[in-house]
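Note that the sequence shown covers residues 26 to 318 in my numbering. Glycine included, each C-beta is placed from N, C-alpha and C at the ideal position. Reading through the structure tokens given below for one structure.
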Amino acid sequence: MKITDIFELATHTFSFEFFPPKDEIAAVDFGVNVGKLMKLSPSFVSVTYGAGGSNRERNFDLVNYLQNKVGLTVMAHYTCVGTSKEKALADIEHLKSINVENLMLLRGDPPKGVDNFTPHPDGFAHASDLIESVCSKFKNVFSTGAGCYPEKHPEADTLDADIQNLKEKTAAGADFLVTQLFFNNQIYFDFLEKLRNADIRCRVIPGIIPITAYSQIERFVKLSNTNIPEELADRLNSSKDNPKRVMQTGIDFAIEQCRELLANGAPGIHFYTLNKSGATVEIYETIRKYVPI
Ligand SMILES: Cc1cc2nc3c(=O)[nH]c(=O)nc-3n(C[C@H](O)[C@H](O)[C@H](O)COP(=O)(O)OP(=O)(O)OC[C@H]3O[C@@H](n4cnc5c(N)ncnc54)[C@H](O)[C@@H]3O)c2cc1C
């Protein structure tokens with residue numbers, strides 16, 4: 026089913042993001058966690074594409090398995106890093122052939138150790154170019170999502186410039202947006218207002234991740250330059266030496282964050298699960314008591 030059709034049927038969408046497990050042991054763990062998350066009947070799940078365009082086969086295999094064997098509605102991520110236009114369109118044709126109806130189309134990041142993104146000589150320079158090409162070749166075949174950054178993409182000079190570039194993605198055919206992770210809801214609400222002022226009117230699904238370990242804070246800040254609200258930082262600092270309390274603090278905060286987002290008009294929640302289930306199950310089961318699905 027297309028995500029755009031799900032939007033019409035559901036009051037809110039709840040979706041889970043996975044990445045292909047790196048080895049056999051991780052695959053067993055992954056199977057157990059997907060089993061637990063499936064019981065929550067997510068609106069859709071998404072499968073990330075390997076950083077720098079790596080693990081292409083594993084990504085497609087997992088998408089195929091979840092879509093066709095498990096029977097989930099899958100959104101396949103695809104990046105154009107290191108890929109010619111011809112190859113990218115052939116990959117999308119392949120995804121179509123395995124019944125994928127939903128794509129998250131991205132530019133991607135340069136491979137590790139490389140500072141700047143350089144497009145393939147015959148490739149796409151920006152996500153908007155990929156989106157434009159896919160949407161014009163595969164008219165109405167896919168529901169198409171794109172990424173957005175309430176705290177600005179790290180390469181953009183200003184948030185306003187980033188939003189102008191984002192507008193090219195929706196103009197090219199992106200049906201909806203999913204945000205980079207964030208912890209400060211006010212930043213999301215302000216971002217939405219800026220999008221509306223720029224005449225970007227599609228659904229913007231918040232991407233949420235609970236902090237489950239103290240060591241993650243630095244990683245998340247580095248990854249997306251995200252703002253950690255003082256209240257959350259204080260709560261985490263006071264539990265620093267107690268991993269269980271840190272995890273519960275992260276979960277409780279995410280529950281409050283999701284409730285506030287949904288109560289104020291967010292169309293759903295996209296959970297960055299990191300292939301784990303415990304925190305996401307607890308958050309989802311708590312918020313569904315308060316919020317119509
Ligand atoms: C929801 C989500 C899912 C993701 N999933 C994956 C994944 O599965 N695999 C993976 O490797 N990465 C993933 N990423 C990370 C993403 O690949 C990186 O953030 C990447 O650096 C940017 O990708 P993009 O599609 O946003 O690029 P773009 O939209 O092309 O933007 C990248 C930068 O270029 C600028 N820009 C865009 N268009 C123009 C233009 N026409 N002229 C000048 N500048 C322009 C933008 O302002 C921005 O600074 C994801 C990110 C998000 C938010």
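Residue burial annotation: G96 is exposed, with fewer than 16 other C-beta atoms found within 10 angstroms of its C-beta. For G148, the shortest separation between its Cβ and any heavy atom of ligand 1 does not lie below 7 Å. If the five residues before and after V125 are omitted, its C-beta is found closer than 7 Å to the C-beta atoms of V88, Q92, V99 and A101, all from its own chain and listed in chain order. DSSP places N127 outside any alpha helix (DSSP H); the residue lies instead in the beta strand (DSSP E), whose first and last residues are N127 to L131. Here I225 is not near T204, since their CB atoms are 8 Å or more apart. The Cβ-Cβ distance between I294 and I233 falls below 8 Å. Shown in chain order are the residues whose CB sits closer than 5 Å to a heavy atom of ligand 1: T73, Y74, A76, H102, T104, L131, R132, G133, D134, H151, A152, G172, H178, E180, A181, D187, N190, V203 and Q205.
Just measuring C-alpha positions, the residue of D86, T143, G56 and M26 sitting nearest G77 is T143. If one requires a minimum length of 4 residues, the alpha helix (DSSP H) runs lying completely within the segment 136-193 are 152-162, in chain order. S168 is the residue among I312, D48 and S168 whose C-alpha sits nearest the C-alpha of L128. DSSP places F296 inside the beta strand (DSSP E), whose first and last residues are G293 to Y297. Residue environment for T305: buried (at least 16 other C-beta atoms within 10 angstroms of its C-beta). In this structure, R83 sits away from C105, with a CB-CB distance that is not shorter than 8 Å. With contacts defined by Cβ atoms closer than 8 Å, S158 and L202 do not form a contacting pair. Following the DSSP letters along the chain, one finds S264 in no beta strand (DSSP E) but inside the alpha helix (DSSP H) bounded by residues E255 to S264. Around the beta carbon of V70, a 10 Å sphere encloses 16 or more other beta carbons of the protein chains shown; the residue is thus reported as buried.
Remark: fewer than three beta-carbon pairs, one from each stretch, lie closer than 8 Å, so the segment 171-179 and the segment 134-142 are not flagged as touching. Rounded to the nearest whole angstrom, the CA to CA distance from N252 to V53 is 34 Å. Non-local beta-carbon contacts of G148 in its own chain, meaning distances under 8 Å to residues more than five positions away in sequence, involve C105, G107, T108, S109, K110 and A113 in chain order.
In this structure, the beta-carbon distance from F39 to P292 does not fall below 8 Å.
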